[in-house]
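A.B. asks: Numbering (the working numbering), first residue to last: 1 to 248. For glycine and all other residues, C-beta sits at the position ideal for the given N, C-alpha and C. Here it is, the structure in full.
Have a look at this one:
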């Protein structure tokens, strides 16, 4: 799963920033060497923006012995900041302990746009808060759906309402995600854009000669973690196929 160059261009057209070269800082608790969709999205989008001529740096927390500054493809600069992880690779949310480090990155790299990722990321919320106090443009991409009833969702939604109250633009990865985010954070829908996540078909092209006409092949692309719903995948597919046969 990756963000194509076209998606990267569309995402920054949606922000309505000027056509001049920007210094962009991607901020999230979730980045390589941790694996997942948010990590891949940030990396691919950063590569797209570098191809467009922008300068991009990434700020995340340290992973084990991976601390300090590292460089990735096309000179993508990554700051692994010494922040304490609280739970599930997310740092503690206090706003103040991250201020000196994030401000140092923003000033040193002459950042003009701060792009935070994921409602689960405390660093993302901290970065939006600090960027606003420094007068920087802010963008937030929401990657997940949340409920409204359980304690975890209620607390996260309240935090999201505060974080996004004066964010310049919000991006969601589906129209369902947009409706969810608008309701959770009490946002004006006009400042929320939808750029769907997708699989790049040029990287996943099947060989038609291996097709079986007497068999239906279903491909599911996902990480093998419980919350992605693999346990529900097979029963749902069987039910769908049965309904299809009944209809025909």
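Apart from the five residues on each side of it in sequence, which residues of its chain come closer than 7 Å, Cβ to Cβ, to residue 85?
C.D. replies: The residues are 61 and 91.
A.B. asks: How would you call residue 158, buried or exposed, if buried means at least 16 neighbouring beta carbons within 10 angstroms?
C.D. replies: Under this definition residue 158 is an exposed residue.
A.B. asks: If we call anything under 8 Å between Cβ atoms a contact, is residue 117 one with residue 38?
C.D. replies: yes
A.B. asks: Residue 193 by DSSP, collapsed to three states: which one?
C.D. replies: Looking at residue 193 - three-state DSSP - the assignment turns out to be strand.
A.B. asks: In chain order, what residues of the same chain have a beta carbon less than 7 Å from the beta carbon of residue 89, not counting five sequence neighbours either side?
C.D. replies: 29, 30 and 34
A.B. asks: In three-state DSSP terms, what is residue 231?
C.D. replies: helix
A.B. asks: Am I right that residue 52 and residue 24 are in contact with their C-beta atoms under 8 Å? What's the rounded C-beta distance?
C.D. replies: Contact doesn't hold; Cβ gap of about 10 Å is too wide.
A.B. asks: Is it right to say residue 165 is buried, meaning 16 or more other beta carbons lie within 10 angstroms of its own, or is it exposed?
C.D. replies: So residue 165 counts as exposed.
A.B. asks: Just confirm the distance between the C-beta atoms of residue 192 and residue 181, as a whole number of angstroms; I'd bet it's less than 8 Å.
C.D. replies: 7 Å
A.B. asks: For the candidate residues 108, 153 and 36, whose alpha-carbon lies nearest to that of residue 77?
C.D. replies: 108
A.B. asks: In whole angstroms, what is the alpha-carbon distance linking residue 246 and residue 154?
C.D. replies: Confidence in residue 246 is poor, its pLDDT being 45 and thus under 50, which makes the residue's placement unreliable; the coordinate value appears in the next sentence. In a straight line, the C-alpha of residue 246 is about 42 Å away from that of residue 154.
A.B. asks: Would you decide whether residue 184 is buried or exposed? Buried here means 16 or more other CB atoms lie within 10 Å of its CB.
C.D. replies: buried
A.B. asks: Can you tell me whether DSSP reads residue 42 as helix, strand or coil?
C.D. replies: In the displayed model, residue 42 falls within a helix according to three-state DSSP.
A.B. asks: What is the residue span of the beta strand (DSSP E) that residue 88 lies within?
C.D. replies: Element bounds for residue 88: n/a, residue is neither H nor E.
A.B. asks: Take every Cβ of the region 98–106, pair it with every Cβ of the region 127–144, and state whether three or more of those distances are shorter than 8 Å.
C.D. replies: By the C-beta criterion, the region 98–106 is judged to be in contact with the region 127–144, since at least 3 inter-stretch pairs fall below 8 Å.
A.B. asks: Could you tell me how far apart the beta carbons of residue 199 and residue 172 are, in whole angstroms, since I believe they sit closer than 8 Å?
C.D. replies: So it is not a contact: roughly 18 Å between Cβ atoms.
A.B. asks: Using the beta-carbon count (16 or more within 10 Å), is residue 283 buried or exposed?
C.D. replies: Look at the range of the chain in this structure, 1 to 248, and you will see that residue 283 is not part of it.
A.B. asks: Just verifying my parser: in three-state terms, what is the DSSP assignment at residue 20?
C.D. replies: coil
A.B. asks: When you compare only the Cα positions, how much space is there between residue 238 and residue 216?
C.D. replies: 11 Å
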